[in-house]
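Participant:
In UniProt numbering, the protein residues as written are 1 to 106.
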């Protein structure tokens, strides 16, 4: 069996000037956490205006001796999220859904 992988193409409606502007506007954002920057980065990479990095942001920061923030340290934690009990219930339910059904065929 052969698997053919074809790289995605840039559509005719892509606006490269807008992509460049979004990259400038979202300079402080991380592409993995910001949809605007991610879309702009993807557009510019497909157009050949930038090459994807060969190293991760953490590796590049380490080479330059720059501290790299841990994931989730974009700001102080907020108290307006769901209570811990709710999160535990969601995780327990997801765990149940992930287990194989042992009652099949009964």
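Here a beta-carbon is modelled for each residue, glycine too, at the ideal position from N, C-alpha and C.
Starting from the Cα of residue 15, find the closest Cα among 29, 3, 42 and 30 and give me that residue.
Facilitator: Nearest option by C-alpha distance: 42.
Participant: Our contact map puts residue 22 next to residue 40 with C-beta atoms below 8 Å; I'd like the distance itself, whole angstroms only.
Facilitator: Right, their Cβ atoms sit about 4 Å apart.
Participant: Beta carbon of residue 35, beta carbon of residue 20: below 9 Å?
Facilitator: Cβ distance not < 9 Å, so residue 35 and residue 20 don't count as in contact.
Participant: Assuming residue 9 is part of the alpha helix (DSSP H), what are its boundary residues?
Facilitator: Element bounds for residue 9: n/a, residue is neither H nor E.
Participant: With DSSP run on the structure shown, which of helix, strand or coil describes residue 56?
Facilitator: In the structure shown, residue 56 sits in coil (DSSP, three-state: anything other than H, G, I, E or B).
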